[in-house]
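Inspection log for the structure reproduced underneath, given as structure tokens.
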Amino acid sequence: MAGQFEATAEINRPVEEVFAFLGEGTNDPKFSPRVQEIKKTPEGPTAVGTVFTSTVKDAGMKTARQFRITEFDPPRRIRWTETSKNVVTADQGGYDLESTGAGTTHVRIFNVLEGHGIGKLLVGLALSAARKDADAFGQRIKAAVEAS
Numbered sequence: 218m219a220g221q222f223e224a225t226a227e228i229n230r231p232v233e234e235v236f237a238f239l240g241e242g243t244n245d246p247k248f249s250p251r252v253q254e255i256k257k258t259p260e261g262p263t264a265v266g267t268v269f270t271s272t273v274k275d276a277g278m279k280t281a282r283q284f285r286i287t288e289f290d291p292p293r294r295i296r297w298t299e300t301s302k303n304v305v306t307a308d309q310g311g312y313d314l315e316s317t318g319a320g321t322t323h324v325r326i327f328n329v330l331e332g333h334g335i336g337k338l339l340v341g342l343a344l345s346a347a348r349k350d351a352d353a354f355g356q357r358i359k360a361a362v363e364a365s
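Quick note: the sequence shown uses my numbering, first residue 218, plus one each step.
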């Protein structure tokens with residue numbers, strides 16, 4: 218069973234600033250407490266093909282995650298796919314950004330979670346937890362961007 222969760226936020230910053238913050242990729246620990254560390258390869262500006270490698274803590278367990286940028290369209294759209302081999306992965310994900318006025322931006326983040334092997338039994342729990350946290354996740358993104 219695969220499924221999607223999403224979160225939205227209205228951020229009091231221009232769309233270009235919000236895109237730059239989210240597009241950097243290494244800012245994730247500022248709004249996602251599950252991300253313990255993250256690295257970008259190659260160094261430099263994010264582009265299609267950039268890979269982010271992170272250590273994530275879920276349900277008390279640390280896992281290695283690797284995401285590849287599949288679409289990078291400033292300042293509107295970022296897409297990624299998880300290339301790591303975990304029991305539950307984000308096969309698709311992304312940000313959609315829209316300017317909603319002078320200095321404000323609407324952000325939507327989503328991930329499509331897929332279970333592999335025993336993960337097919339666990340993906341429902343992962344989706345439930347992600348959906349339950351979605352509103353708070355959106356607010357953490359807002360707070361992190363506005364604090365930068």
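A virtual CB, placed ideally from N, CA and C, is assigned to each residue, including glycine. Computed from a prediction, not measured in an experiment: that's the story for all the values here.
query: Within 9 Å, strictly: CB atoms of His333 and Ala226; result: no
query: Contact check, Ser365 vs Asn229, beta carbons under 9 Å; result: no
query: Length of the line joining the Cα atoms of Met278 and Gly266; result: 28 Å
query: Under the three-state DSSP convention, the category Glu254 falls into; result: strand
query: Contact belief for Thr306 with Glu331 at Cβ below 8 Å, rounded distance in angstroms; result: 6 Å
query: Buried/exposed call for Glu299, threshold 16 Cβ in 10 Å; result: buried
query: Residue environment, Thr263, which counts as buried when at least 16 other CB atoms sit within 10 Å; result: buried
query: At least three beta-carbon pairs within less than 8 Å, the region 245 to 253 to the region 356 to 364; result: yes
query: First and last residue of the uninterrupted alpha helix (DSSP H) at Ala360; result: 336 to 364
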